[in-house]
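Residue 131 in the numbering used here sits at position 42 of the sequence shown, and the numbers go up by one each step. Every residue gets a Cβ at the ideal spot worked out from N, C-alpha and C, and that includes glycine. Predicted model, so just to flag it, every value in this text is computed and none were measured. First the structure, in the form of C-alpha cells, and then the observations on it.
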Amino acid sequence: FRKAEFRADGFYLNGRLLKIRGLNRHQSYPYVGYAMPQSMQRLDARILKKELGVNTVRTSHYPQSHDFIDECDRLGLLVFTEIPGWQHIGESTSWKDQAVQNVIDMITEYRNHPSIILWGVRINESKDDDALYTRTNGVAHAFDPSRQTGGVRCNTANKNTKILEDVFTYN
Numbered sequence: 090f091r092k093a094e095f096r097a098d099g100f101y102l103n104g105r106l107l108k109i110r111g112l113n114r115h116q117s118y119p120y121v122g123y124a125m126p127q128s129m130q131r132l133d134a135r136i137l138k139k140e141l142g143v144n145t146v147r148t149s150h151y152p153q154s155h156d157f158i159d160e161c162d163r164l165g166l167l168v169f170t171e172i173p174g175w176q177h178i179g180e181s182t183s184w185k186d187q188a189v190q191n192v193i194d195m196i197t198e199y200r201n202h203p204s205i206i207l208w209g210v211r212i213n214e215s216k217d218d219d220a221l222y223t224r225t226n227g228v229a230h231a232f233d234p235s236r237q238t239g240g241v242r243c244n245t246a247n248k249n250t251k252i253l254e255d256v257f258t259y260n
C-alpha cells in the first residue's frame, strides 16, 4: 500500500515530502525499435534507478512494455504514464472518443501497478481543448479516484489556458 499525492508545496509519498528526480523514457532502441526482450526492458528500469539515480520516470506518451512497468514496481521507481499522442488533436468526434477510450484503456491496463503515481490525460504538447480534456480528466477520476491526473504542455503563451488536470505538467 502507498499513498502518492501532489500538493501545492511538492510531492508526498506516504505522507513524506519527496523531491522528484526523473526523466522521460522512450522505449525505442537504435536499430531495433521496440523489438526488445523482457531482459532489456527490465534492465532499462534498473539503469534509471540504480545508475542514473532517478526516482521517477515519465513513460513518454504511449503504452510501455509491461516488463518495464513490472520492474518499476519491483524497484520502487515511480511512473507518470500517458495516453498515446503527440501535439495533434483530431477534429472528429470519433477521434476524440478514441482519446477518451485510450484513457480508460490505460487505467484499466495499468491501475494495479503501485509504481504509477500520475495519469497523463492530455495529448502531449497539444493545444487546449477544454471539452475533450474535461472528459478525459473525468473518466480518469471515475476509473481511478486514487490517483491524480496531469497533462503535459509545452507552450505557456496562451494566458487563457485552463488547468483541468490535478497537476500542472510542463516540458
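* Who does glutamate 46 pair with in a DSSP beta bridge? -> This structure gives no information on residue 46, because the portion of the chain shown stretches from 90 to 260.
* Note down the Cα distance separating glutamine 153 from valine 121, rounded to an integer number of angstroms. => Going by the C-alpha atoms only, they are around 16 Å apart.
* Residue(s) in a DSSP beta bridge with leucine 167 -> Thr145
* To do: Ignore the nearest five residues each way along the sequence and tell me which others in leucine 107's own chain have a CB closer than 6 Å to its CB.
  => Within its own chain, the residues whose Cβ lies closer than 6 Å to the Cβ of leucine 107, once the five positions on either side in sequence are excluded, are Phe100, listed in chain order.
* Can we count arginine 224 as close to the ligand ZN, meaning its CB is less than 7 Å from some heavy atom? -> Ligands displayed in this structure: none; no statement on the ligand ZN is therefore possible.
* Got a sec? Which residues, its chain only, sit under 6 Å from glutamate 160 by beta carbon, not counting five neighbours each side? -> Arg131, Ala134
* To do: Using three-state DSSP, classify asparagine 260 as helix, strand or coil.
  => If DSSP states are grouped into helix, strand and coil, asparagine 260 belongs with coil.
* C-alpha gap between glycine 239 and phenylalanine 157, whole angstroms -> 21 Å
* Have a look at Gly227, Asn249, Ile178, His155 and flag the residue whose alpha-carbon is nearest the alpha-carbon of methionine 125. => From the listed residues Gly227, Asn249, Ile178, His155, the smallest Cα separation to methionine 125 is found for His155.
* How would you call serine 235, buried or exposed, if buried means at least 16 neighbouring beta carbons within 10 angstroms? -> exposed
* Asked: Under three-state DSSP, which class holds glycine 227?
  -> helix
* Test item: CB-CB of threonine 223 and tyrosine 199 under 8 Å -> no
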